[in-house]
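Colleague:
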Amino acid sequence: MTDAYDNDNIFAKILRGEIPCHKIYEDEHTFAFMDIMPRGDGHCLVIPKMPARNLLDADIETLGVVQATVKKIGTAVMKAFSADGLTVQQFNEPAGGQVVFHLHVHVIPRFDGVKLRPHTGDMEKPEILAENAEKISAALK
Ligand code: 5GP
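Using the working numbering, read the sequence shown as starting at 377 and increasing by one per residue.
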């Protein structure tokens, strides 16, 4: 049995506009923004607007709309960074590597021979995050 959804998790606060983020995209059901401690340049996150702790409590409709946005953002990220590949990750519960308890999918552009940086490592400079968010948004058009 996992814990219940906590309305005060950091991504819920981002969705409510209580904490700033570098937004890339939103539609009726999903939201995409830059990861503040990127494992690679252009690392971004896709989340549902509806509350879900992770894959385990999310309903199928929520998983479907999130995956549709992952496809959209992943395609834009590939184009924006002229990437060689794409890593998509999603962690569940502390033992599964989850740190923030609002369902989210990591979308990370990859380049031949370049390793991922550590998970939740160094904070990126805000101006770099803003620049990368702008690049990905432009590639969505
Ligand atoms: P996970 O829960 O999948 O293990 O990791 C949570 C992710 O959220 C990490 O990659 C971390 O860098 C990112 N993160 C944590 N706090 C914030 C925040 O306040 N803003 C943003 N944009 N990302 C965050």
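Glycine included, C-beta positions come from ideal geometry on N, C-alpha and C.
These numbers were taken from a predicted model, which means no experiment stands behind them.
What does a CB cutoff of less than 6 Å around Asp-403 pick up in its chain, not counting 5 residues either side in sequence?
Modeller: Nothing meets the Cβ criterion.
Colleague: Quick one: grab the DSSP three-state call for Gly-472.
Modeller: Correct three-state label for Gly-472: helix.
Colleague: Output needed for Cys-397: all residues of its chain with C-beta closer than 6 Å, excluding positions within five of it in sequence on either side, in chain order.
Modeller: Around Cys-397: Ile-390 and Phe-409.
Colleague: Buried or exposed: where does Arg-392 fall if 16 or more other Cβ atoms within 10 Å of its Cβ makes it buried?
Modeller: So Arg-392 ends up on the exposed side.
Colleague: Is any heavy atom in the ligand 5GP found nearer than 8 Å to the beta carbon of Thr-496?
Modeller: True, at least one ligand heavy atom lies under 8 Å from that Cβ.
Colleague: Between which two residues does the beta strand (DSSP E) harbouring Ala-408 extend?
Modeller: Residues 406-410.
Colleague: Taking the alpha-carbon positions, what's the Leu-421 to Lys-517 distance?
Modeller: Between Leu-421 and Lys-517, the C-alpha separation is close to 19 Å.
Colleague: Leu-516 lies in the alpha helix (DSSP H); which residues open and close that run?
Modeller: Looking at the DSSP string, the run of the alpha helix (DSSP H) that includes Leu-516 is 502-516.
Colleague: For Gln-465, which residues does DSSP report across the bridge?
Modeller: DSSP output for Gln-465 lists His-482 as bridge partner(s).
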